[in-house]
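To keep things clear, I will list the structure first and then write my remarks on it.
2 protein chains.
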Amino acid sequence: MLYQKTGKDIEEGMTSAPMFRCVAIVGVGMMGGSLGGALRSTGLAEEVVGVDRDGEALTQGVALGVLDRGTLSLKEAVQEADLVVLATPVASIPLLLTDLAPLVGTDALITDIGSTKQRIVESGERLFGGRFVGGHPMAGAPRGGVEASLPDLFAGAAWALVGSQQPEPETEHVARLTALVHALGARTIYLDSERHDRIVALVSHLPHLLSFAFADTVAGSPDPDMAHEMAGGSFRDLMRVSEADRPFWDAIFQENRTALLDALTAYERNLASLRQGIFQD
Amino acid sequence: MLYQKTGKDIEEGMTSAPMFRCVAIVGVGMMGGSLGGALRSTGLAEEVVGVDRDGEALTQGVALGVLDRGTLSLKEAVQEADLVVLATPVASIPLLLTDLAPLVGTDALITDIGSTKQRIVESGERLFGGRFVGGHPMAGAPRGGVEASLPDLFAGAAWALVGSQQPEPETEHVARLTALVHALGARTIYLDSERHDRIVALVSHLPHLLSFAFADTVAGSPDPDMAHEMAGGSFRDLMRVSEADRPFWDAIFQENRTALLDALTAYERNLASLRQGIFQD
């Protein structure tokens, strides 16, 4: 009952009139579960329906109070939804959009929360026109699974709304998503998909890659146990990032490889320049 | 009066019988000031004397309560000390040890809190034999200056005690420093200086170098303002480390360049391997 409305929420003005009658969340992991929990605790949706291939995640999601109900059927989940949010790993989203097209109502708004945007936005706009607006909340946690859902994951985070062209905040569908993002306590940033992918390669994908390489270097060092014993703040900060789920991030790196290669190349140039400053004397 | 003993400290058992009559802290910056504050608040020293070339730091140190008194004279500071702690930048410590030799009492214990150890331990043991034991608390803060002193900087931190050979915890001088470190709430780790410098190159100097290169990459990107707006946790963790004082760290990198080069070379190999995994397909 973690995410139920409480008297305290209402006193503090954290609940709102429902913005959506039925929100379908496709993919009930840590991110989808956190979104469901936030929607339910703020009262922004009359009903939150989860869909996943993993029935156990649905049962857990309902038990945790982040979903009103769960279903294994994409059709059943989305047919009455006025908002569909795709919260599955990035590589699966373009195909899911295709599956969704014949099932979803003609008035439904469709978005996603994937970490890369070019291929997703291309599919979404081709299939749904302006009813699809890509999204990307800059928030996460090292461990996945609906049981890791965090009710306040999005509070204070940036949340990019993304189209093939930079979305206009005042157009109908973008305005509705903007209001939702703000009601969840996050900040909207409007980006075209090429710029989005270039920025996140630098601010998110590169730091994860650098941290994974650091964790590999510690693990392969002659004295890894002593390294952990001698850990200070700088070590812990890099290791914290490296605890993220590797296969999940490998898929993101693959998806955004062009922009990530550019960011990595710039990084390697800067690192080489620092190396030269230290070792030339 | 930040670091004065309080009734609350005494109730909580945070004060101790004095272990040292007079502790001289050479170099009154953030680290030296934090040590002075910790010594005064725990009652481990009857008197804490600071010495610095910057008279303003001494005045501030006394006003903040991290020193009992300050002096510009190394001789005056150390002549009655039974513990001398060198808390200046690493490059200055070997020369300071030479200056100290004719001034310090023959019973005084001498240590330092520098981030590298081989050259410092070599000088200290040559001049003072077993009365010198190198030290390195794995704690810090981005900004220096005595005004940035933190009363609980060392709580829970690892604190390496270092000799040319791994120090024996039960020998007289090492036992006294061990008791002091534990009384400050830190954990002792005993290392020979070559192993120490190799470990810290990996767990502290390398993460700082990687973070500096990351900050340079963001600053040199085509869209740095948007990068900051889109910042998530992984970005903030790397940027936090990069806020450390660069000239201070450059001197540490220079001092430990051999071990840092090894760590950096291993890192670059791991990064290249991750790059290949992403871009080979």
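Protein sequence lines, in the order shown, are assigned to chains A and B.
Numbers 1 to 281, taken from our numbering, label the letters of the first sequence in order.
Numbers 282 to 562, taken from our numbering, label the letters of the second sequence in order.
Where a beta carbon is used, it is the ideal one built from N, C-alpha and C, also for glycine.
These figures come from a predicted structure and were not determined experimentally.
Contact set for residue i: own chain, Cβ-Cβ below 7 angstroms, skip 5 residues either direction
| i | result |
| --- | --- |
| H489 (chain B) | V522, A525, W530 |
| A91 (chain A) | A251, E255 |
| V455 (chain B) | V414, L442, P448, E449 |
| P375 (chain B) | R400, I401, S404 |
| D99 (chain A) | L74 |
Chain A contact for residue i (CB, 8 angstroms cutoff)
| i | result |
| --- | --- |
| Q561 (chain B) | no |
| L535 (chain B) | A small correction: the amino acid at residue 535 (chain B) is Gln; Leu does not occupy that position in the sequence shown. Q535 (chain B) counts as touching chain A. |
| T392 (chain B) | no |
| I480 (chain B) | yes |
| D497 (chain B) | yes |
| Y284 (chain B) | For Y284 (chain B), the pLDDT reaches just 42, beneath the cut-off of 50, and the residue's location in the model is therefore unreliable, leaving the point undetermined. |
| R521 (chain B) | yes |
| E292 (chain B) | Reliability of the predicted coordinates at E292 (chain B) is poor, the pLDDT of 41 falling under 50, and the value obtained from them is presented with this limitation in mind. Cβ-Cβ to chain A under 8 angstroms: no for E292 (chain B). |
| R400 (chain B) | no |
| D473 (chain B) | no |
| L541 (chain B) | yes |
| T387 (chain B) | no |
| D526 (chain B) | no |
Within-8 angstroms CB hit, residue i to chain B
| i | result |
| --- | --- |
| S92 (chain A) | no |
| H208 (chain A) | yes |
| V162 (chain A) | no |
| L177 (chain A) | no |
| T6 (chain A) | Its pLDDT being 40, under 50, T6 (chain A) is placed unreliably by the model, and nothing is read from it. |
| S211 (chain A) | yes |
| G185 (chain A) | no |
| A251 (chain A) | no |
| A158 (chain A) | yes |
| R257 (chain A) | yes |
Residue j beta carbon less than 8 angstroms from that of residue i
| i | j | result |
| --- | --- | --- |
| S485 (chain B) | M311 (chain B) | no |
| G416 (chain B) | I394 (chain B) | yes |
| A38 (chain A) | L177 (chain A) | no |
| A389 (chain B) | R407 (chain B) | no |
| L487 (chain B) | Y548 (chain B) | yes |
| S234 (chain A) | S515 (chain B) | no |
| D497 (chain B) | N270 (chain A) | yes |
| G308 (chain B) | T352 (chain B) | no |
| G36 (chain A) | G55 (chain A) | no |
| L325 (chain B) | V427 (chain B) | no |
| G140 (chain A) | G513 (chain B) | yes |
| V329 (chain B) | R321 (chain B) | yes |
| I199 (chain A) | D504 (chain B) | yes |
| L153 (chain A) | S34 (chain A) | yes |
| D197 (chain A) | S164 (chain A) | no |
| Q79 (chain A) | L103 (chain A) | yes |
Nonlocal neighbours in the same chain, by C-beta distance under 8 angstroms from residue i, ignoring five residues either side
| i | result |
| --- | --- |
| G220 (chain A) | none |
| D82 (chain A) | F20, R21, C22, V23, G105, D107, A108, L109 |
| A17 (chain A) | G43 |
| A155 (chain A) | L184, G185, A186 |
Residue i: contacting residues in chain A (beta-carbon distance under 9 angstroms)
| i | result |
| --- | --- |
| F435 (chain B) | Going along chain A, no residue has its Cβ under 9 angstroms from F435 (chain B), so there is no contact; the nearest lies around 11 angstroms. |
Nonlocal neighbours in the same chain, by C-beta distance under 6 angstroms from residue i, ignoring five residues either side
| i | result |
| --- | --- |
| V366 (chain B) | I306, T392 |
| M419 (chain B) | A438, A439 |
| A263 (chain A) | A201, L202, L206 |
| F128 (chain A) | I110 |
| A338 (chain B) | V309, V427 |
| A382 (chain B) | L408 |
| V347 (chain B) | Y284, G314, G317, G318, S430 |
Closer than 9 angstroms at the beta carbon, the chain B residues around residue i
| i | result |
| --- | --- |
| D52 (chain A) | What D52 (chain A) touches in chain B: nothing, since even the nearest Cβ is about 25 angstroms away. |
Within chain B, the residues that residue i reaches when beta carbons sit closer than 7 angstroms
| i | result |
| --- | --- |
| R275 (chain A) | L545 |
| S204 (chain A) | G513, S515, F516 |
| M226 (chain A) | I480 |
Neighbouring residues, chain B, relative to residue i (Cβ below 8 angstroms)
| i | result |
| --- | --- |
| M30 (chain A) | Going along chain B, no residue has its Cβ under 8 angstroms from M30 (chain A), so there is no contact; the nearest lies around 14 angstroms. |
| G140 (chain A) | G513, G514 |
Residue i: contacting residues in chain A (beta-carbon distance under 7 angstroms)
| i | result |
| --- | --- |
| I470 (chain B) | E229, M230 |
| E425 (chain B) | Reading off the sequence, residue 425 (chain B) comes out as Gly, not Glu. The premise fails here: G425 (chain B) is roughly 15 angstroms from chain A at the closest Cβ pair, so nothing lies under 7 angstroms. |
Chain A contact residues for residue i, given Cβ-Cβ distances below 8 angstroms
| i | result |
| --- | --- |
| G501 (chain B) | A266, N270 |
Neighbour flag for residue i against chain D, beta carbons, 8 angstroms
| i | result |
| --- | --- |
| N256 (chain A) | Chain labels in this structure do not include chain D; the protein chains are A and B. |
Every unbroken alpha helix (DSSP H) within the segment 399-439 of chain B, with a cutoff of 4 residues, ordered by chain: 399-409
Length-filtered (4 minimum) alpha helix (DSSP H) runs lying within the segment 493-523 of chain B: 505-510, 514-523
Length-filtered (3 minimum) beta strand (DSSP E) runs lying within the segment 158-204 of chain A: Taking only runs of at least 3 residues, the beta strand (DSSP E) segments lying wholly in the segment 158-204 of chain A are 158-163, 187-192.
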